[in-house]
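Colleague:
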Amino acid sequence: MKPFHYSKAANSGAAVAEVSAEPGARYLAGGTNLLDLLKYNIIQADRVVDLKRLDLKEIRRHEGGLRLGAMAHNSDTANHPEVRQQFPLLSQAILAGASAQIRNMATNGGNLLQRTRCPYFYDNALPCNKRVNGSGCGARHGSNRMHALFGWSEKCVATHPSDMCVALAALDAQIHTDNRTIAFEDFHRLPGDNPGQDTNLKHGELIEWIFVPQNNFAKHSCYLKVRDRASYAFALVSVAAALELEGKVIKDVRLALGGVAHKPWRARKAEALLRGQQPSEANFLAAAAAELGDAKPLEHNAYKVPMARNAIVVALQSALSGEHPLEGLS
Numbered sequence: 001m002k003p004f005h006y007s008k009a010a011n012s013g014a015a016v017a018e019v020s021a022e023p024g025a026r027y028l029a030g031g032t033n034l035l036d037l038l039k040y041n042i043i044q045a046d047r048v049v050d051l052k053r054l055d056l057k058e059i060r061r062h063e064g065g066l067r068l069g070a071m072a073h074n075s076d077t078a079n080h081p082e083v084r085q086q087f088p089l090l091s092q093a094i095l096a097g098a099s100a101q102i103r104n105m106a107t108n109g110g111n112l113l114q115r116t117r118c119p120y121f122y123d124n125a126l127p128c129n130k131r132v133n134g135s136g137c138g139a140r141h142g143s144n145r146m147h148a149l150f151g152w153s154e155k156c157v158a159t160h161p162s163d164m165c166v167a168l169a170a171l172d173a174q175i176h177t178d179n180r181t182i183a184f185e186d187f188h189r190l191p192g193d194n195p196g197q198d199t200n201l202k203h204g205e206l207i208e209w210i211f212v213p214q215n216n217f218a219k220h221s222c223y224l225k226v227r228d229r230a231s232y233a234f235a236l237v238s239v240a241a242a243l244e245l246e247g248k249v250i251k252d253v254r255l256a257l258g259g260v261a262h263k264p265w266r267a268r269k270a271e272a273l274l275r276g277q278q279p280s281e282a283n284f285l286a287a288a289a290a291e292l293g294d295a296k297p298l299e300h301n302a303y304k305v306p307m308a309r310n311a312i313v314v315a316l317q318s319a320l321s322g323e324h325p326l327e328g329l330s
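Spelled out as structure tokens, the structure:
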């Protein structure tokens with residue numbers, strides 16, 4: 001690990017000023033991803049500014065929705081009464097991620113900024129354009145079983161690892177920084193020619209809170225995560241599904257996919273096909289097939305296409321049933 005200067009910020013203004021003034025400075029929140037990246041020299045820092053003293057942990061009602069402090073821990077967010085009752089999709093997604101120990105340390109803001117778990121990114125002996133642009137993408141023609149179906153470029157085929165972010169994408173969340181508001185769909189980036197830049201944040205810009213607008217999806221939502229083992233594994237495919245029903249018709253629907261792109265993938269085509277339709281297995285399957293029609297599988301991950309199609313159908317059916325797998329989870 002490269003030596004760095006460590007300091008604790010007393011407030012948001014001081015934190016922003018300190019990091020903005022130094023190109024090699026980074027924020028430290030829970031540290032569950034950043035410390036590994038520093039330790040293994042995947043990234044470097046000249047200065048690390050600790051945010052733990054900042055008053056950004058509050059979770060409360062706010063102007064037609066819920067405000068989630070960036071420094072609130074994932075476990076506290078998932079188990080907050082307002083989140084569980086009004087936004088069960090978000091609770092389900094957070095509780096599907098990592099382990100209880102990591103959720104107790106990881107923060108909401110840090111979750112948004114975690115880096116891909118692509119093995120080529122984590123191995124300094126292998127080429128990776130996210131780590132060193134121009135070195136090549138080892139996964140493009142290498143081992144790419146876990147990699148992207150949508151939005152990838154010749155420079156990068158990695159996927160975003162977060163479960164929480166998939167639910168936030170489906171819920172039309174907003175990111176509030178120290179100086180602006182960013183729609184969640186505009187927060188993360190596709191790789192393009194600059195895969196090392198995961199988000200549209202500017203250097204020194206500080207995430208202060210996340211806003212989740214009120215909706216009518218609480219009774220009919222489901223987060224489904226398909227993975228290699230039952231716990232402590234990243235998604236092969238995940239689906240955040242939510243329905244608002246009006247009689248026997250789908251008035252509104254939200255679908256987002258994880259494990260399939262460099263950012264949480266909003267399934268807009270499937271949503272458009274389902275609005276105004278009856279919530280039937282045939283309609284769910286048709287919408288899923290239409291969304292997956294745009295998939296571009298790599299050499300080793302074509303299995304994800306039928307997996308994602310089936311996962312969308314199962315998630316929508318579970319959302320329709322209104323059964324929430326929250327009981328007993330913490």
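Numbering-wise (the numbering used here), the sequence shown opens with residue 1 and increments by one. For each residue, glycine too, the CB sits at the ideal point set by N, CA and C.
#1: If the criterion is Cβ atoms closer than 9 angstroms, does the pair E82 and L66 meet it?
#2: Need the endpoints of the beta strand (DSSP E) that I250 sits in, please.
#3: Please return the same chain residues whose Cβ sits closer than 8 angstroms to the Cβ of K349, not counting the five positions on each side in sequence.
#4: Under 8 angstroms by Cβ, that's how I've got M164 and N79 pegged, so tell me the actual separation to the nearest angstrom.
#5: Taking C-alpha atoms, which residue in D55, V260, E299, V253 lies nearest to Q277?
#6: Straight-line CA distance for L68 to A308?
#7: Considering only the beta carbon of each residue, do A190 and S221 sit closer than 9 angstroms?
#8: Pull up the distance between the alpha-carbon of E208 and that of D76, whole angstroms please.
#9: Helix, strand or coil, according to DSSP, for G328 in the structure here?
#10: I'd like to know whether the C-beta atoms of L206 and Y27 end up nearer to each other than 9 angstroms.
#11: CB F87 to CB A169, shorter than 9 angstroms?
#12: Measure the alpha-carbon distance for V132 versus Y120 and round it to whole angstroms.
#13: For the pair the segment 99-110 and the segment 11-21, tell me if three or more CB-CB distances fall below 8 angstroms.
#14: Alpha carbon to alpha carbon, how far is A272 from V226? Give it in angstroms, no decimals.
#15: Can you name the start and end residues of the alpha helix (DSSP H) that Q86 belongs to?
#16: Report buried or exposed for R229, applying the criterion of at least 16 other Cβ atoms within 10 angstroms of its Cβ.
#17: Check for me: the beta strand (DSSP E) holding A148 runs from which residue to which?
#18: Leaving aside the five residues before and after Q197 along the sequence, list all residues of the same chain whose C-beta is less than 7 angstroms from its C-beta, in chain order.
#19: Roughly how many angstroms lie between the CA atoms of I43 and N283, to the nearest whole one?
#20: Quick one: Cα of N319 to Cα of L245, how far?
#21: Considering only residues of the same chain and omitting the five flanking positions on each side of L329, which have a CB-CB separation below 7 angstroms?
#22: At the level of alpha carbons, what is the spacing between R140 and L298?
#23: Do T107 and A158 have their C-beta atoms closer together than 9 angstroms?
#24: Is the beta carbon of A98 closer than 9 angstroms to that of Y232?
#25: Taking 8 angstroms as the cut-off, is the C-beta of N194 nearer than that to any heavy atom in the ligand FAD?
#26: Skipping 5 residues on each side, what residues in its chain have a beta carbon closer than 6 angstroms to that of L201?
#27: For S238, which residues does DSSP report across the bridge?
#28: Could you give the uninterrupted runs of the alpha helix (DSSP H) lying entirely in the segment 280-312, keeping only those of 4 residues or more?
#29: Contact check, N124 vs N301 under 8 angstroms by CB: the rounded distance?
Modeller: Put simply:
#1: Taking the first residue of the sequence shown as position 1, residue 82 is located at position 82. Taking the first residue of the sequence shown as position 1, residue 66 is located at position 66. L66 sits close to E82, with the two beta carbons spaced by under 9 angstroms.
#2: As a position in the sequence shown, residue 250 is number 250, starting the count at 1. Looking at the DSSP string, the run of the beta strand (DSSP E) that includes I250 is 249-258.
#3: An answer regarding residue 349 cannot be provided, because it is not within the stretch 1 to 330 covered by the chain.
#4: Taking the sequence shown and counting its residues from 1, the one referred to as residue 164 is at position 164. Taking the sequence shown and counting its residues from 1, the one referred to as residue 79 is at position 79. That pair is no contact at about 13 angstroms.
#5: Your numbering for residue 277 matches position 277 in the sequence shown. The residue with the shortest Cα to Cα distance from Q277 is V253.
#6: Numbered from its first residue, the sequence shown carries residue 68 at position 68. Numbered from its first residue, the sequence shown carries residue 308 at position 308. Within the model, the alpha-carbon separation for L68 versus A308 is close to 30 angstroms.
#7: Numbered from 1 along the sequence shown, position 190 holds the residue referred to as residue 190. Numbered from 1 along the sequence shown, position 221 holds the residue referred to as residue 221. The displayed chain sequence assigns Leu, not Ala, to residue 190. Their beta carbons are not under 9 angstroms apart, which means L190 does not touch S221 by this criterion.
#8: One-based indexing of the sequence shown puts residue 208 at position 208. One-based indexing of the sequence shown puts residue 76 at position 76. Taking the straight line from one Cα to the other gives about 16 angstroms.
#9: Within the sequence shown, residue 328 is the residue found at index 328, counting from 1. Unreliable placement is indicated for G328, whose pLDDT of 38 sits below 50; no coordinate value is reported for it.
#10: Walking along the sequence shown from the start, residue 206 turns up at place 206. Walking along the sequence shown from the start, residue 27 turns up at place 27. Taking 9 angstroms as the Cβ cut-off, L206 and Y27 qualify as a contacting pair.
#11: Numbered from 1 along the sequence shown, position 87 holds the residue referred to as residue 87. Numbered from 1 along the sequence shown, position 169 holds the residue referred to as residue 169. No, they are not a contact pair.
#12: By 1-based counting over the sequence shown, the position of residue 132 is 132. By 1-based counting over the sequence shown, the position of residue 120 is 120. Going by the C-alpha atoms only, they are around 11 angstroms apart.
#13: Short answer: they don't touch.
#14: To locate residue 226, count along the sequence shown from 1; it is residue 226. To locate residue 272, count along the sequence shown from 1; it is residue 272. Approximately 24 angstroms between the Cα atoms of the pair.
#15: The residue labelled residue 86 in the question sits at position 86 within the sequence shown. 81-86 is the span of the alpha helix (DSSP H), which, as asked, contains Q86.
#16: For this step, residue 229 is matched to residue 229 along the sequence shown. Exposed: under 16 other Cβ atoms inside 10 Å.
#17: One-based indexing of the sequence shown puts residue 148 at position 148. Unbroken run through A148: none, as it is neither H nor E.
#18: The residue labelled residue 197 in the question sits at position 197 within the sequence shown. Same-chain partners within the cutoff: R189.
#19: Position 43 of the sequence shown holds residue 43. Position 283 of the sequence shown holds residue 283. One alpha carbon belongs to I43, the other to N283, and they sit about 46 angstroms apart.
#20: For this step, residue 319 is matched to residue 319 along the sequence shown. For this step, residue 245 is matched to residue 245 along the sequence shown. Correcting the residue identity first, residue 319 is Ala in this sequence and not Asn. Going from the Cα of A319 to the Cα of L245 covers about 11 angstroms.
#21: As a first step, residue 329 must be located in the sequence shown, where it is residue number 329. In this prediction, L329 has a pLDDT of 44, which is less than 50 and means its spatial position is unreliable; nothing more can be read from the coordinates.
#22: Here residue 140 corresponds to residue number 140 of the sequence shown, with the count starting at 1. Here residue 298 corresponds to residue number 298 of the sequence shown, with the count starting at 1. Across the structure, R140 and L298 are spaced so that their CA atoms are roughly 8 angstroms apart.
#23: Sequence index remark: in the sequence shown, residue 107 carries index 107 (1-based). Sequence index remark: in the sequence shown, residue 158 carries index 158 (1-based). No. Outside cutoff.
#24: Here residue 232 is taken as the residue at index 232 of the sequence shown, counted from 1. Here residue 98 is taken as the residue at index 98 of the sequence shown, counted from 1. Cβ distance < 9 angstroms, so Y232 and A98 count as in contact.
#25: Because no ligand of any kind appears in the structure shown, any question about the ligand FAD cannot be addressed here.
#26: The count along the sequence shown starts at 1 and reaches residue 201 at position 201. Cβ within range, chain order: n/a, list empty.
#27: Taking the first residue of the sequence shown as 1, we reach residue 238 at position 238. Per DSSP, K225, G258.
#28: 281-292
#29: Here residue 124 is taken as the residue at index 124 of the sequence shown, counted from 1. Here residue 301 is taken as the residue at index 301 of the sequence shown, counted from 1. Rounded, the Cβ-Cβ distance is 24 angstroms, inconsistent with contact.
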